[in-house]
Structure formats: C-alpha cells, structure tokens
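Have a look at the structure below, then the notes.
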C-alpha cells in the first residue's frame, strides 16, 4: 500500500497510488537503511517544516547571488541553535539530512569549515596548535577554508611558496605568479576568515614539498582582508552560486603558528576516502529526485491518445517515456545501494588500517574512484533525461531541474576529474592483469574471498548464458559483466605490453591505450554496481517488496547489457539472437514497473522541500501552482517594466509618429 | 597557414598555429559557404566591434534578469539604426549574424515579432487587415507575439475559446481553465503589446477548430495590460533568461479585426519548415563554439608528464582528451554541412511546391524532424564533453559553458520534443517499409534518383566491407549505415504488423514498438548526415584542405560506426574482427587531427564576442583575464559583504565572547 494517498490530491496521482502492489514504507525502509531511519527522516523533516525561520524567503531561483548569500548567511547564524534540537549530532546521516533540508543544493557559507578546513586542523596540528585552535574552531569563533587548488596548476605542481626566514625565524607566504593564486576554495571569497594554505616549503633554497599553513586572511573584528592579502569571489558558476568560491593572493604574508611536520598517515587518507564515499549515494539521491519529479509529472500530464476514444493518456503510458525514465530510477537506486555498501566497506577498511591491515585499501580506492566517476556522469545524463521527459516545463526553473542539474554538473569534476579517476581504476586493474598473466595474486594469498576482484582470477564460462531459463539471482548477467571486464582488462594490458616491446616508454604506451583503459575501468565498476544491487535485493524479505525490487533489478541489469552488448558480441561470447532476450527483458520490466512507478518514487519519501519542484509536488496540483510561482517571480513586480518607456516604448512611439507624418 | 598568428599571443597557441598544414581561410570559406561570406562576416564583426553602444555593459553572467532585459531593450531601441549600415538586410545570413553578435545567445525583446508574430500577420491576414497592420508591423509601431502553446494541453487540444456573438457580431476570447492560459510565448511577458492568439472558434455551439486572432494585449501608450488581460513573465528558466516568455489569461476580450478563414497553404507550412531547417546549423555552430573553447584551452593548459623530464604536457596531448573533444568538432562540422544542405533542399522544395510539385515534401519533412532531434541532442552531449574537458574552470561562468550549454538545453525541446520528432521520422519510414514489403514505390515512380531514401529500396551487400582496403570516399561505411537503417526499419515494420495480427490496435502496436521505431529513425538520419558530409568533402579542391577534412570525416564516420556497432554485429553483417579496424581508424584520426586541432577551430573565425569565454580567447591569455573577470563580478563590489556583520560576523563574535567568559 502507498502511504502518501491524501484525498484532495490530484486524482491521477490518487489512482496511481491506489495501484501499489507493495508497502511504500517497506520500500522506504529498504532505501534508507531501516524503519527507524525512515522515521527519523520524517521527524527531522517535520522539525524543519515547523521552523519557518529556517526556510527560504522566496525560491532561490528568484534571488540574485547577493540575495542567495544573505539568505544563507541568515540561516547559518541560527543553524547551531536548531541542529541540536533536530538531530542526534553524533549521527552523520541525521546531520547531513538536516543540513540538506536547511541549505538544500546550492551551497552555504559554513560548509568548508565543517567538512575540510576544521578537520584539517584537527588532523594536521600538534598539541600546542590544537590548544589554540581546536575549541575555538569547534565554537566557530573563526571559519577556516582549505586552500589547495591554484588557478593554473595542478596539485602536484603547487606554486605558492612558504619561505623560512632564518633570521626572523618566520615563514613568509607568497603567490609568485598569477597562476599561483589560490582559486576555487569554497567559502574563501567572503565568508571565511582563515585559510589553511597549502604551500611549497622552502628552507635554505631547498624545497620540502607542500605543507599546510594556518593563515588569518581577514581581520577577526572588521572582516577586512589583512595586509598582503588579496581575496575575493571567483564569480558566478553553473551552479553552487550560494557558495563563495574564492581567489587568494598572498604577498609576504606571515602565517600564524610554528612549523609542524605534515601528518600523512593512513587515517587522514582514509577520512578523505570517506568524503569520496559519500559522493556516490548523493549522485543516487539526485537522480532519484529527478526521477520522482519526472515520473509524478508524467502521471498527471496527459497528451495524445493510444486507444482511440479513450481520451488523452498519461504520458507515462508511452513506452518511449518509460524507456527514458525508468532506467534512471533503477540507476538511482543502484547508486544509493552501492553508496551505502561502500560506506560500510570504507569503515571496515578504516578499522583494518587501525589494526595495521592495509590489504583492502587498493581495492577500496579503485572502487571509490570508479564509482564516483560512473555515478556522477550517469546521474548527469539521467537527470537530463528526466528534465527532457517534462517537455517545455522541464526547462523552467519551476521544474527544479535547472538548479538540480546545474549543481549535478559539478559532480563530474569535483574530487577528481572523471577520466583521471577512471585511469586510477585502470592502474589497479593493470596490476591485477599482471598477476593474472603471471599467475600470482597480489599481496599474500587472500585468506577470505574478495568479491570485488576475485572474478578477475576465475575462469568465467566461455559462452554467455543470458538466454538460458530465468535465474532469479541474475547470476548469468553478472557473469557476462565479469567476463567483459576481465577481457577488457587483459586486452588493455596486452596492448600496453606490446607497445612497450615496440619501444614506447610506459608513459607513452599508457597514453596510447588510455581510451581502452577507461573502458576496462568502466566495465569493472559495472560488475561492482550489478553485484551490489543483486546482493542487496537477495537479502530482502517480504514478497511484495522483493517483487518490485526484482523488476527494477531486471531493468537495471538488462539495460546495462544493452549498453555493453557490442563488447559482449565482438568475440562471439554473446550471440545476436541473445539480444532479443535482452530487449524482451527490458520491455517486460518497463511494463511491470509502470503501474508501481509513482509508488516507487513515493517510497523515497522526499518532501516537497527536497524536490524543490512545482512539477514534482506530492499533491500533483501542478498547473495552478505554476501560475502562482510565475506571478511571484521578480520580473512581475511591475506591470510595466521600469525601463519600458525609455527604450521599447519610445521606439514604438517614434515609429507611430513618423508614420503619421 | 593559420591567419590568426599574432606575436603577443600565448606562445603555446602560436606554436600550435604555426603547425597548420592547411590554409585556415580556405577552411573558413568551406564552412561559411565561400570566401565572400567569410569576408562579409569579418566586416560585420568589425562593424559590431567599432560600435560600443551595441556592446554589453558588463558580462551578462553578472546581470540580474532585470538588468539583462534592460540591456537588451537598450540595444533593441538602437538596433534598426545600425543593421542597415552593417548588413545587406536582404541577406538572411548577414542579418542572422549581426543579430547574433549584438544579442548573442540568451534571447532579446524583439525576436518573436520578427520571426513568428509579424510573419503570421503577413501570411494569415486578408487585404483589409494587411492595410491596417502590415506597414505598421514592419515599422515596429507594435510588437506582436505568437500565442499558441498553453499551460496544460497540447497543440491538438487548445482550450482557449473564441466565441462568435451573433447579436453584437463580435468574437469573445476566453481562457476558461487554468490549463488554457497561454504559456511560453516568447516576448509576451513584458515586451510585446500584441498577441496573435490561437483559439478554438465557436459559432452557434459548433467548434470550427483553432484560428488566429489579433489581440491588443497592452495599451499602445501606457503599455499597461488592457481590461480582461492578465499577462506576465513565466519566471526564470535554465537559459534564455533575456527573453520574457509569458503567460496570458483572457477574460472576455474582444480581438481587433474581422473573421478571416485561416490560410493553411503549403507555403505557410514550408516557411515553418525553413525555421526548423535553421536549427541544425545552429546546433552545429554551438558545438563548434564549444569545441573551439575547449581545444584552445587544452592547448594552453599543461598538466602531468608523458615523457619524463620533458615537462608538463598540453592536456590536448592526452588521448582521452582528444577522444573527448575531436568527435565533437567533427559532429559540429557535420551539422553545419547538413544544415546548409537541407536549407538549400528546403528552398528547392519550396520552389517545387509553387510549381505544384509536392513529391519531395515528405522526405524533407522527415529529414528536418530527424536532423533537429539528432543534432540538438548530440550537440548537448558534445557541449557537456567540451565543458568537462576544461576541468574545474569549465564550471565557471567565465568559461562561457554555463550560458552556452543551458541555452543548448532548450534545443531538445523547442520546435517539437525530440522523441516525438523521431516518431514522425519513423512514420515516414514505415510507409517506405510497406512499399518495400509490397514492392512498390510511393507516389509515382521517381523520375530522378533520390539520394535520401533510394537506399531503402536497394539491396546492400550482405557483408560489411569496412575492413577492405582504404576507400577514399568511405562508400563502405555509408553502406553499412544504410544496411543498418534498412534493417531496423523493416524489423520495426514487421514487429508492428505481427502485433497487429495478434490483435493489437495500430496505436497500441505503435506504442509497443516506439523505442525500436526511434532507433530506426536515428539510423536513417545517420545515413543522411554521413552522406552529406561525404558529398561535401568530395567536392573540395585543394589537397591541403581536402586532407584535413578527410581526417575529420574519417573520425566522424568511424565514431558513428562505434556508436552503432552492436546493431551491425547482431546478425553477423559485421564481424568482431572488423571492430579493430574501426578502432584503429578512430585512434589514427585522433593523431592526425591533433597537430591541426587549434588551426581547425581557428578556421571557424569565431570572434571573442561569439565565444564569450575567457578560456577560449583567441590570444590564449587565460589566467590573467580569469582574475580580471572575477574581480569585476558583482559579489566583489564590497570588500566585506554588507550583511556580513549582521549574520556570520555576529555569530563568530558571540562565540568569541562566550568562550572568554
């Protein structure tokens, strides 16, 4: 049953909801990790709803950047009063959810202090420094950004210098070139007053590599930039315009504090991994939000007839619309599940590391890199499909897509460019390929099975079994993905070796194989996503929920087969005839999902605040609210625009006068 | 030789430009249809450059919507004084180019009058009406929008009513429901004062279908909405925010003028087609702009080493970067060529129609629908690849991509949703399939060969010949596309027939085949694009130009093969081994294009105004200009944001005071 049915809602949505073959709360609990989490989400959302001072004054689509920042500043200044009442502050998921409700998707002025600046101070300072900055940082007596990225160079070639002056026993920070300006650090433009600056340490004309320095960039009282500091906002972006990403030029600046050797321990590294582990479920969440908007709207929007005389149909009844939307839904769920799975995996590896066991670190690193690359790009493509599925109205900011998608575009670049990340996965795979070719396993012989990469060492069946009888756990599909991944990995490896034998340096050979290497990386991640989805579904009890999840899984898996079928057929592993079975499975899954589609997206339990979309409203009352939304937009403040008569009005008036002559 | 070399430019660009193996002006003349056109473009661009009053006062990324509109209003009010001096106003391409330079991509307040409102008045009014409105419309004494689209329904089910009152002998226009509100018409929100309203004509309780009515919506003097009119802007959108798309509610409004039977002649229809014919080259131009920005930036941006010790390389040297960008360049050119080709085709069909010959109308219609769908979506995907290729800076508005891409997103929906358009192509193909199955040709036996669809009636070789020796005209690749298109067309047709024999209505059967039908449509358009590109290149004289064009053609064709290879392999037409040849051709083309890449994009001769990108600047001086751009952005007007102390400042100050207690 669908728990979202309310009597004054759009009748099409009520009708859709009444058809649910499963319990939406059971689905919601599956997605959010249990009934208690679902309950807590609702309580937190209720808290947010009840406290109007945390709400936006108008939709942020109507605000200038200055207004966006002011609105976020206002909320930031009262946020701490609320979070302790709304959440268990020791539960990161609750804190994340409350943050999301309050600040939504476009950024806010205290995030980098919380996520990067202050954690760096915790991890990278000695006892004396901690005494000085730990409690005050926790209290937000200052706000610290993390300034690493520079305008023109990459992380390996930072140009900012920190020169130790032996006479005065001080460091002097400098931005020697225009390209050395710190560029992009979040909240550095205006809101934060401290920067943890990564700079090349020079002592006695010798460079000791990049080190972090605690730099007061703005006066604690006046907030004015301090002497030697040039700081500002880097200007408008595609999205994240409520964040003041900044630039910073340092001209003979003395940082606070004394020198501390940098802490490069595995713990610090792993906490960075945890950040990356959070990205994939966020990509999944974004995609599920997009699917929710588009599927609800497709259920209330009618156009054209399929059965003559039956009247206009819901556009969700069109196969093309289902084929556009449902795979996004399935992928969104796959990313959520993979995200949860890797988050747990990450925590386990962290524990292992504390016990001195780093055996799983490389596997984890490769999976995190690859998942981030795949999920961010597929979510981006999928959100665009969702937007297009809403026709013209998807282009309006009222749909929510302009804000959602333009923030999603950030996902493919932030925390590592996708192609660079895929090549890191490929590095991992090439090490495995070498072990396969030389029949050794890396590290010591594994004591326990390792699902993530064991398949690379196993022999898969030489024939694709996809057209065999229906197998509930979809083992044969997963096997096909594993087959392809292993094949592409070994092909790339062999090509690399060949090129090197022909005299290429390894770097040149690597570059010449890089498109193929990326392909192998994608195939490896495909196996991981498919395996995780299958495993998670196999753990579900309760036939109604299991059935609908299997429909989604079926769609997910066969859609993926379709995406890689050329690779499967190339060497005769899969036969052309088997493609028919693949297509049949896809179309069958679309039909099975159709009647439950609205109830599936209802299960995510996204509030209207989270969806931020007139088209995706829970109550389905779209059209009257589109009008209200438009009427409230800034250009309608005046019946006649203030500058009308100065320009267009005058132009028409002069033309009329002229023609009267 | 590259004509863009200037001595103070970025040395990396000078170096790139000095490597050109062809004459950039020859390439430019090929792209823009001759040396004279290229020369005229330069003269018009020079005129624009020399007249500062036509320039934006600040980058539009820094403006609010109100400021954008005011800026465009200002330019509109002086535009007519300039265009006659800058252009031959009888040359649509010159007019389009000058418009583009002045208004750029985000819309402007007189466009719908020129493109749709006024042409409708020309085409759809009788002599008396023309006397009243023709000269005055030409003079811009009024500005007329075209109000067809409604909030909730589709074109076939317009809800706006025009009821004829026999007593008063007048029409009364009404918006009877919220969904009947006119919604989206461009320039209707604030700038235009007349609307050509499409409404269902009712006389004596009988509906005579949609008819256009000339409605004065705002007072000519005061510009205030007239009685019975509710009008305003529909609010912010993904892009096109300099356009005031509007809503309009009519409450017992009397239109001007008397009843005229609607003119539904083929000429009016064909002029609509001409509008659609312009879209494909625009998509091509957008994509070429994106490729220009990304390729120039990739030539000045250095990161990582390939040959150890040789220093950081230009990122354009990475195979992944080439594979990301060069196919976009090839596609952009393919769309430009196809666009020019269909524009000429369109004009020929128009002439035929005037002579009573409509034999090519269906072919043309199908090609225009399909090209629009394919080019708009591929350009969108391609522009996103270009954006991603610029890393983090591609996300900044300084790159130009946020504005360019978010306007491109409009392309997939405007003038017909892409899937709907593809299904129109499929309708055409199904008619051809029936003729093939019944061995008849449509209409009379064709007197002359018809390249566009003849292949459907021919027997292609049963084996893909792609791995045969190098054939300069790429006939074997085109043959493969034709083979696939015909196969998919017949497969879809047979499936449709089968379903109907099993008792489905044609509409239900159509819906169940619609994903496959779209696929067939895409394959048909692929043949058209490939054929046009091949034909155009085959007409080129001059080996240096021909060589570089063939490199681009090679990449274009084999990249397309890669995109459809599963379909080619499915039935054994193409063999797995042939894929190696395909890949080899792709990588080979990438390497051949690499040294000419900057010179190719230089050949487009886009001015910095057109590119609107700090990253894509002709002189390559990117970093210092990024800083200048950022410093000029609105958030940096104040050293300390005006609301800082009210919120964040107070928060930190209170925390400090508290900790002192």
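Protein chains in written order, with my numbering: chain A, 1 to 661; chain B, 1001 to 1661.
Glycine included, each C-beta is placed from N, C-alpha and C at the ideal position.
Chain order gives no chain A residues near residue 1498 of chain B, where near means a beta carbon separation below 9 Å; the closest approach is about 13 Å. In the displayed model, residue 413 of chain A falls within coil according to three-state DSSP, outside both helix and strand. Fewer than three pairs of CB atoms, one per stretch, sit closer than 8 Å, so the stretch 422-441 of chain A makes no contact with the stretch 377-391 of chain A. If the five residues before and after residue 1020 of chain B are omitted, its C-beta is found closer than 7 Å to the C-beta atoms of 1001, 1002, 1596, 1599, all from its own chain and listed in chain order. Residue state for residue 537 of chain A is assigned as helix, using DSSP reduced to three classes. According to the DSSP assignment, residue 606 of chain A belongs to no alpha helix (DSSP H), since it is labelled neither H nor E. With a cutoff of 8 Å on beta-carbon distance, residue 1226 of chain B and residue 1234 of chain B are scored as not near each other.
Annotation: residue 217 of chain A is outside any beta strand (DSSP E) and is labelled neither H nor E by DSSP. For residue 14 of chain A, the enclosing alpha helix (DSSP H) starts and ends at 11-18.
Taking a Cβ-Cβ threshold of 9 Å, the residues of chain B close to residue 659 of chain A are 1135, 1136, 1139, 1141, in chain order. Beta-bridge partners of residue 1030 of chain B (DSSP): none assigned. Rounded to whole angstroms, the gap between the alpha carbons of residue 1304 of chain B and residue 1399 of chain B is 22 Å. With respect to chain B, the C-beta atom of residue 64 of chain A has a partner C-beta closer than 8 Å. DSSP places residue 240 of chain A in no beta strand (DSSP E); its state is neither H nor E. Residue state for residue 1197 of chain B is assigned as strand, using DSSP reduced to three classes. When A:109, A:114, A:139, A:520 are compared, the shortest CA-CA separation from residue 188 of chain A is found for A:109. In the DSSP assignment, residue 78 of chain A falls within the unbroken alpha helix (DSSP H) covering 65-86. Residues of the stretch 1474-1497 of chain B that bring their beta carbon within less than 9 Å of a beta carbon in chain A are absent altogether. At least one CB of chain A lies nearer than 8 Å to the CB of residue 1630 of chain B. A check of alpha carbon separations from residue 111 of chain A across A:198, A:518, A:84, A:80 identifies A:80 as the nearest. Assignment of alpha helix (DSSP H) within the stretch 1097-1138 of chain B, counting only whole runs of 4 or more residues, yields 1118-1124, 1127-1138 in chain order. Note that the C-beta distance between residue 1239 of chain B and residue 1062 of chain B is not below 8 Å. Residue state for residue 1554 of chain B is assigned as helix, using DSSP reduced to three classes. Closer than 8 Å to the CB of residue 273 of chain A there is not a single CB belonging to chain B. Look at residue 175 of chain A: its C-beta is not under 8 Å from any C-beta on chain B.
Pairing residue 254 of chain A with residue 1073 of chain B gives a Cβ-Cβ distance that is not under 8 Å.
Counting only residues of its own chain and dropping the five nearest sequence neighbours on each side, residue 176 of chain A has a CB closer than 7 Å to the CB of 159, 161.
Pairwise C-beta distances place the stretch 1494-1504 of chain B out of contact with the stretch 1542-1553 of chain B, as fewer than three of them are shorter than 8 Å. Proximity of residue 1060 of chain B to chain A, defined by a Cβ-Cβ separation below 8 Å, is not satisfied. Contact annotation: in the stretch 236-249 of chain A, residues whose CB is within less than 7 Å of a CB in chain B are 236, 237, 238, 244, 247. In this chain, the alpha helix (DSSP H) harbouring residue 380 of chain A covers 361-389.
Identification of chain A residues near residue 1225 of chain B by a Cβ-Cβ cut-off of 8 Å yields 639, ordered along the chain. Pairing residue 1524 of chain B with residue 1010 of chain B gives a Cβ-Cβ distance that is not under 8 Å. Sequence-distant partners of residue 297 of chain A (beyond 5 residues in either direction) whose C-beta falls short of 6 Å from its own C-beta, in its chain, are 390, 615. Restricting attention to B:1030, B:1156, B:1648, B:1602, the CA atom closest to the CA of residue 1294 of chain B is found in B:1602. If you check the CB distance, residue 1416 of chain B and residue 1372 of chain B come in under 8 Å.
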